[in-house]
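There are 2 protein chains.
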Amino acid sequence: MLDSVPCLTRLTAQLRRFPGIGEKTAQRLAFFVLKQPRAQVAQLAQALLDVKDKVVFCSRCFHVTEQDPCPFCRAPERDDGLLCVVEQSQDLLAIERGGGYRGRYHVLHGVLSPLDGVGPAELNIPQLVQRVEQGEVRELIVATNFTMEGEATALYLRRLLQRPGLRLTRLAHGVPTGGNLEYLDESTLSGAMARRYEL
Amino acid sequence: MLDSVPCLTRLTAQLRRFPGIGEKTAQRLAFFVLKQPRAQVAQLAQALLDVKDKVVFCSRCFHVTEQDPCPFCRAPERDDGLLCVVEQSQDLLAIERGGGYRGRYHVLHGVLSPLDGVGPAELNIPQLVQRVEQGEVRELIVATNFTMEGEATALYLRRLLQRPGLRLTRLAHGVPTGGNLEYLDESTLSGAMARRYEL
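Residue numbers (the numbering used here), protein chains in the order written: chain A, 1 to 199; chain B, 1001 to 1199.
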């Protein structure tokens, strides 16, 4: 229906590719762009290209960074004995927001999914094994998500990395802060009941 | 928290400016961009700039277009005697999607809002008066939204444009197709009752 304005059609189609952006929203955003000052739009266009041109993956932990190794790998005050494995960079950022963790990270960039052709090699797991084998790591915290795939990946890592002197841990699993029992899923709730602790 | 990756922070901030895009979504979109092929991102960046560089407002009806006058003003088969006034280009497109209208358009790009400094001049209303005064228009269909502001603008236009030989109309107002009386607002429902018609 925007046939008469190919530019807007093209931009709408491009925005439509974003996750969670439907046809209507894409069109609304395209019209918003039209009303922005050109300098503003140019900044957005540049920011898009910069992300592709300047952001790389840290060669040690695979977190996104503009400087390799990344700040988390470089920081001298972080404990090399603690290694936290996460599915994606956003999870690392969430843990940092939470605060209280002062170890290193390893970002898998996904979960095991043999049907989709995602095996250990696609997840930087060989590099994880190598880091563990250098012997500095005392504790490996497997912080993959508590989803089917995240749990399966955690179990795989446990089997792969079990060795004397290495503690393998997983984040605590239970009712979240502000959690309302009424609305909580059954799996969390039954698990939290089973793992109840002394008050 | 993305401090360590200024590019991503910048892109997130830029995306955050879009209507309906919050901090979380902006971050998710920024990471999505990071995972796209560069060519794809370059296309999006180009599409953004193209919209600013190639799209203009039609000098006759003010619809967005790449060619002035716009296709709706150029089409020789459209009836010059019918003029439909809409708030924005998206409304014009919605009416075209609906089909059945073969007249011309006039896009206000807003509604009257004295408190925000939006008066007739900001809404291409002098140009609308001029079009009406050329005498070709038999019927002016005021298709502003059925909101407080849209209704006020419609009333203003009625007062301004009333003249002998010109029919001023407004879109029918009532229960929409698929409308569920239970969930319909009171104003629509009481109005639809008052304007009920013979079955």
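Virtual Cβ for every residue (Gly too), placed ideally from N, Cα, C.
(message) Residues of the region 1043 to 1073 of chain B in Cβ contact with chain A at a cutoff of 9 angstroms, in chain order, please.
(response) Going along the region 1043 to 1073 of chain B in chain order, one finds Q1043, L1044, A1045, Q1046, A1047, L1048, L1049, D1050, V1051, K1052, D1053, K1054, V1055, H1063, V1064, T1065, E1066, Q1067, C1070, P1071, F1072 with a Cβ nearer than 9 angstroms to chain A.
(request) Within its chain, find whatever has a CB closer than 7 angstroms to the CB of B:V1064; leave out the 5 residues flanking it on each side and keep chain order. (result) Counting from 1 along the second sequence, the entry for residue 1064 of chain B is found at position 64. The answer, listed in chain order, is V1055, F1057, S1089.
(request) Assign A:T177 to one of three DSSP states: helix, strand, or coil. (result) Within the first sequence, residue 177 of chain A is the residue found at index 177, counting from 1. In the structure shown, the three-state DSSP call for A:T177 is coil.
(request) State the DSSP-derived secondary structure class of A:L171, mapped to helix, strand or coil. (result) As a position in the first sequence, residue 171 of chain A is number 171, starting the count at 1. It is coil, neither helix nor strand.
(message) To the nearest angstrom, how far is the alpha carbon of A:G135 from that of A:V129?
(response) Counting from 1 along the first sequence, the entry for residue 135 of chain A is found at position 135. Counting from 1 along the first sequence, the entry for residue 129 of chain A is found at position 129. A:G135 and A:V129 have their C-alpha atoms spaced approximately 10 angstroms apart.
(request) For B:R1158, write down the residues that DSSP places opposite it in a beta bridge. (result) Along the second sequence, one-based indexing puts residue 1158 of chain B at 158. According to DSSP, which records beta bridges pairwise, B:R1158 is partnered with nothing at all.
(request) Evaluate contact between the region 175 to 192 of chain A and the region 37 to 52 of chain A, counting only Cβ atoms and requiring at least three cross-stretch pairs below 8 angstroms. (result) Contact check between the region 175 to 192 of chain A and the region 37 to 52 of chain A: fewer than three CB pairs, one atom from each, fall below 8 angstroms, which does not count as touching.
(request) Would you kindly report the start and end of the unbroken alpha helix (DSSP H) that includes A:D53? (result) Along the first sequence, read from residue 1 onward, the residue named residue 53 of chain A stands at position 53. Per DSSP, A:D53 is one residue of the alpha helix (DSSP H) stretching across 38 to 54.
(message) Please report the distance separating the alpha-carbon of B:R1060 from that of A:A26.
(response) Position 60 of the second sequence, counted from the start, is the residue given in the question as residue 1060 of chain B. Position 26 of the first sequence, counted from the start, is the residue given in the question as residue 26 of chain A. When rounded, the distance between both Cα atoms is 27 angstroms.
(request) Sort out for me which residues DSSP pairs A:E139 with in a bridge. (result) Residue numbering aside, residue 139 of chain A sits at position 139 when the first sequence is read from its first letter. Bridge partners of A:E139: A:L82, A:R167.
(message) Strictly below 8 angstroms CB to CB, what residues from chain A border B:V1033?
(response) The residue given as residue 1033 of chain B occupies position 33 in the second sequence. The contacting residues are L48, V51, K52.
(message) Any C-beta of chain A within less than 7 angstroms: which residues of the region 1151 to 1185 of chain B qualify?
(response) Cβ contacts with chain A: none found.
(request) Count the other CB atoms, across all protein chains shown, that sit within 10 Å of the CB of A:A30; report buried if there are 16 or more and exposed otherwise. (result) As a position in the first sequence, residue 30 of chain A is number 30, starting the count at 1. Buried.
(message) Once DSSP output is grouped into helix, strand and coil, what is the label at A:G100?
(response) Numbered from 1 along the first sequence, position 100 holds the residue referred to as residue 100 of chain A. The three-state reading of DSSP puts A:G100 in coil, since its state is none of H, G, I, E or B.
(request) Please report how far the alpha carbon of A:S4 lies from the alpha carbon of B:D1079, in whole angstroms. (result) Reading the first sequence from its first residue, position 4 is the one you call residue 4 of chain A. Reading the second sequence from its first residue, position 79 is the one you call residue 1079 of chain B. When rounded, the distance between both Cα atoms is 19 angstroms.
(request) Tell me whether B:Q1162 is buried or exposed, calling it buried when 16 or more other Cβ atoms sit within 10 Å of its Cβ. (result) Start at 1 with the first residue of the second sequence, and residue 1162 of chain B comes out as number 162. Counting Cβ neighbours within 10 Å, B:Q1162 comes out exposed, since fewer than 16 surround it.
(message) Bridge partners for B:F1106 per DSSP, in chain order?
(response) Translated into positions along the second sequence, residue 1106 of chain B becomes position 106. With the sequence shown as reference, residue 1106 of chain B is identified as His, and Phe is not the correct amino acid for it. Answer is B:V1085, bridged to B:H1106.
(message) Using C-beta distances below 7 angstroms, list every residue in its chain close to B:E1023, excluding the 5 sequence neighbours before and after it, in chain order.
(response) For the purposes of this step, residue 1023 of chain B is taken as residue 23 along the second sequence, with counting starting at 1. Result list for B:E1023: R1016, in chain order.
(request) With DSSP collapsed to three states, give me the class of A:S202. (result) There is simply no residue 202 of chain A to check, as chain A begins at 1 and stops at 199 in what is shown.
(message) Do B:L1171 and B:R1131 have their beta-carbon atoms positioned less than 8 angstroms apart in this structure?
(response) Mapped onto the second sequence, residue 1131 of chain B falls at position 131. Mapped onto the second sequence, residue 1171 of chain B falls at position 171. The beta carbons of B:R1131 and B:L1171 sit no closer together than 8 angstroms.
(request) Between the Cα of A:G103 and those of A:T188, A:R138, A:M148, spot the shortest distance and give me the residue it belongs to. (result) Translated into the one-based positions of the first sequence, residue 103 of chain A becomes position 103. Measuring from the Cα of A:G103, the nearest candidate turns out to be A:R138.
(request) Name, please, each residue of chain A whose Cβ falls closer than 8 angstroms to the Cβ of B:S1190. (result) Walking along the second sequence from the start, residue 1190 of chain B turns up at place 190. Correct list: empty, because the minimum Cβ distance to chain A is about 29 angstroms.
(request) Using 10 angstroms around the beta-carbon of A:E87, count the other beta-carbons present and answer buried if the total reaches 16, otherwise exposed. (result) Numbered from 1 along the first sequence, position 87 holds the residue referred to as residue 87 of chain A. The residue in question, A:E87, is buried, as its Cβ has 16 or more Cβ neighbours within 10 Å.
(message) Suppose the cutoff is 6 angstroms on Cβ atoms and the five residues either side in sequence are ignored; what does the same chain contact list for A:I141 look like?
(response) Start at 1 with the first residue of the first sequence, and residue 141 of chain A comes out as number 141. Once the five neighbours on either side are set aside, the close Cβ partners of A:I141 are C84, T169.
(request) Quick one: grab the DSSP three-state call for A:T144. (result) Here residue 144 of chain A refers to the residue found at position 144 when the first sequence is read from its first residue. If DSSP states are grouped into helix, strand and coil, A:T144 belongs with coil.
(message) If we define contact as Cβ-Cβ less than 8 angstroms, is A:Q123 a contact residue for chain B?
(response) For the purposes of this step, residue 123 of chain A is taken as the residue at position 123 of the first sequence. A small fix is needed here, since residue 123 of chain A is Leu in this sequence, not Gln. Using a Cβ-Cβ cut-off of 8 angstroms, A:L123 does not count as an interface residue toward chain B, since no Cβ of chain B sits closer than that to its own.
(message) For chain A, check one thing: does any of its Cβ atoms lie closer than 8 angstroms to the Cβ of B:Q1014?
(response) As a first step, residue 1014 of chain B is located in the second sequence; it is residue number 14 there, counting from the start. Yes, its Cβ sits closer than 8 angstroms to a Cβ of chain A.
(request) Output the boundary residues of the alpha helix (DSSP H) element that contains B:F1062. (result) The residue you call residue 1062 of chain B lines up with position 62 of the second sequence. No alpha helix (DSSP H) contains B:F1062, which DSSP labels as neither H nor E.
(request) From the DSSP output, read off the bridge partner residues of B:V1118. (result) For this step, residue 1118 of chain B is matched to residue 118 along the second sequence. For B:V1118, the pairing in a beta bridge is given by DSSP as B:S1113.
(message) Let me check understanding here. Comparing Cα to Cα, which of B:V1041, B:P1019, B:L1008, B:Q1036 lies closest to A:L11?
(response) Looking up residue 11 of chain A in the first sequence gives position 11. The shortest Cα separation from A:L11 among B:V1041, B:P1019, B:L1008, B:Q1036 belongs to B:V1041.
(request) Measure the C-alpha to C-alpha separation of B:P1126 and B:L1112 and round it to an integer number of angstroms. (result) Here residue 1126 of chain B is taken as the residue at index 126 of the second sequence, counted from 1. Here residue 1112 of chain B is taken as the residue at index 112 of the second sequence, counted from 1. Going by the C-alpha atoms only, they are around 13 angstroms apart.
(request) Determine the closest residue to B:H1173 out of B:F1018, B:T1147, B:K1035, B:L1093, with distance taken between C-alpha atoms. (result) Looking up residue 1173 of chain B in the second sequence gives position 173. With respect to the C-alpha of B:H1173, the residue from B:F1018, B:T1147, B:K1035, B:L1093 having the closest C-alpha is B:T1147.
(request) Below 8 angstroms CB to CB, which residues in the same chain sit around B:L1166 once its five sequence neighbours on both sides are set aside? (result) Position 166 of the second sequence holds residue 1166 of chain B. Answer for B:L1166: V1132, V1137, R1138, E1139, L1140, listed in chain order.
(message) Could you check whether the Cβ of B:V1030 sits closer than 8 angstroms to any Cβ belonging to chain A?
(response) Counting from one through the second sequence, the residue named residue 1030 of chain B turns up at place 30. Sequence check: residue 1030 of chain B is Ala here, not Val. By this cut-off, B:A1030 is an interface position.
(message) Quick check: the Cα distance between A:L123 and A:T153, rounded to an integer number of angstroms?
(response) Within the first sequence, the letter at position 123 stands for residue 123 of chain A. Within the first sequence, the letter at position 153 stands for residue 153 of chain A. Answer to the nearest angstrom: the Cα atoms are 10 angstroms apart.
(request) Residues of the region 1086 to 1115 of chain B with a CB closer than 8 angstroms to any CB of chain A: list them in chain order, please. (result) Residues passing the 8 angstroms Cβ filter: Q1088, S1089, Q1090, L1093, E1096, R1097.
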